[in-house]
Amino acid sequence: MEAILSDPAGAVIGLDFDGTLSPIVPDPAKAVIHPKAPEVLAALGAHVLAVAIVTGRPPATALELGPGLADVPGLVVLGHYGFERWENGRISGPPPPAGVLRAEAELPLLLDKLALEGVTVEDKVRAVAVHTRRSPDPEGALARLREPLAELAGKHDLVVEPGRFVLELRPPGMDKGQALSLFLAERAARSVMFVGDDLGDLAAFAAVRASGLPGVTVCSGSAEVTALAEQADIVVDGPDGVVALLHELASAFSHS
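See below:
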């Protein structure tokens with residue numbers, strides 16, 4: 001934190017989206033960014049090297065669910081775990097892998113066989129997510145899905161990314177840690193903060209530690225995921241706590 005505060009122009013502030021900037025909701029399509037987050041991120045963006053949102057969501061979806069994000073100075077959205085990128089109003093990335101489309105086509109039959117109530121499928125274009133949050137027994141449904149989804153992923157050269165009552169099938173070869181590491185190198189960062197809430201953010205925490213830079217990891221705490229909090233330097237109370245921490249940081253920059 002001292003390095004970030006003393007040299008903000010060399011700092012990269014990396015953040016997850018769901019559960020970090022946006023509260024978790026039963027229907028992912030109805031998620032919305034914390035109302036104060038865009039303003040706080042804009043205040044940070046005026047001082048730091050870069051603000052980067054690193055998310056499993058497509059960049060366009062994160063921007064749609066986060067009105068005002070596109071106006072954050074220097075914002076970069078690394079979506080699909082870094083496979084797709086939004087910057088300066090443009091989205092770039094390779095075409096969607098065929099394996100995702102094939103796996104998604106087979107999911108309805110698989111879920112019918114398992115007869116799991118309340119399980120929903122989210123099409124993320126470059127990935128497909130199976131959510132159990134709305135199931136009468138979310139943990140039990142998740143446990144029953146792990147093995148068949150792993151088999152389906154293997155069949156189509158995909159990997160399974162676990163999360164908060166969700167299993168996501170996505171292409172291998174990139175995760176939040178790799179995306180963050182590449183971005184830090186690209187920007188020649190001199191310090192880094194990463195804020196996350198879920199198991200997929202463990203790789204980004206590891207990237208902060210492996211970067212050799214002065215770094216701080218922050219967990220947007222919840223009762224659903226404790227593994228991340230155990231590895232974080234700072235734990236805050238959900239998106240409200242994240243926004244409060246970032247506000248303190250932006251205020252410190254403004255008064256320095």
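Numbering (full-length UniProt numbering), first residue to last: 1 to 256. C-beta atoms are modelled at their ideal positions from N, C-alpha and C, and glycine is treated no differently.
On the DSSP bridge list, what partners appear for residue i?
| i | result |
| --- | --- |
| T20 | Answer is none; T20 lacks a bridge partner. |
| I13 | V51, M193 |
| R85 | L78, S92 |
| I234 | V218 |
| L5 | Answer by DSSP bridge pairing: none, since L5 is not bridged. |
| L167 | V130, P162 |
Specify, as a first and last residue, the run of the alpha helix (DSSP H) that residue i falls within.
| i | result |
| --- | --- |
| T61 | 59 to 65 |
| V40 | 37 to 45 |
| P148 | 138 to 155 |
Can you list, in chain order, the residues of its chain whose CB lies under 7 Å from that of residue i, leaving out five sequence neighbours each side?
| i | result |
| --- | --- |
| L111 | V119 |
| H247 | V40 |
| A206 | G177 |
| L180 | G14, V54, F194, A204, A207 |
| V72 | P38, L41, A42, G45, V51 |
| A141 | L116, V119, T132, S135 |
| H156 | G99, R102, A103 |
| P138 | T132, F165 |
| S6 | none |
Have a look at the options and flag the residue whose alpha-carbon is nearest the alpha-carbon of residue i.
| i | options | result |
| --- | --- | --- |
| V121 | A103, E230, L184 | A103 |
| G196 | A42, Y81, S6 | Y81 |
| V235 | A223, A250, V242, C219 | C219 |
| V166 | E224, G215, S211, G212 | E224 |
| R146 | L114, D123, D157 | L114 |
| S19 | L101, D123, R164 | According to the sequence provided, residue 19 is Gly. The question's Ser does not apply to it. The option with the nearest alpha carbon to G19 is R164. |
| P96 | V128, R134, V77 | V128 |
| D198 | P162, E168, R187, L75 | P162 |
| S222 | G215, P214, L213, A232 | A232 |
| L67 | L182, F17, A150 | Here the sequence assigns Pro to residue 67, which means Leu is not the residue at that position. Ranking the options by Cα distance to P67, first place goes to F17. |
| E186 | T132, V32, V76, P138 | V76 |
| W86 | L107, L63, H47 | L63 |
| K30 | L65, D7, P59, D201 | L65 |
| K36 | L78, L69, G200 | L69 |
Spatial neighbours of residue i within its chain, please: C-beta separation below 8 Å, excluding the five flanking residues on both sides.
| i | result |
| --- | --- |
| F83 | G93, P94, R126, P171, M174 |
| H34 | L21, S22, P23, P239, D240, V242, V243 |
| residue 332 | Residue 332 is absent from the model: the chain starts at 1 and stops at 256. |
| G89 | A70 |
In terms of residues, what are the limits of the beta strand (DSSP E) holding residue i?
| i | result |
| --- | --- |
| P162 | 159 to 163 |
| residue 260 | Within the shown structure, residues of the chain are numbered from 1 to 256, placing residue 260 beyond reach of any answer. |
| H131 | 128 to 131 |
| D112 | Element bounds for D112: not the beta strand (DSSP E) but the alpha helix (DSSP H), 98 to 114. |
| G122 | For clarity, residue 122 is Glu in the given sequence; the question names Gly instead. Run containing E122: 120 to 123, per the beta strand (DSSP E) assignment. |
Between residue i and the rest of its own chain, which residues show a CB-CB distance below 6 Å, the 5 nearest in sequence each way excluded?
| i | result |
| --- | --- |
| G215 | V192, V208 |
| V25 | A31 |
| P59 | V77, G79, E84, W86, I91 |
Please go through the segment 170 to 209 and give each complete alpha helix (DSSP H) segment of 4 or more residues, from N-terminal end onward.
-> 176 to 187
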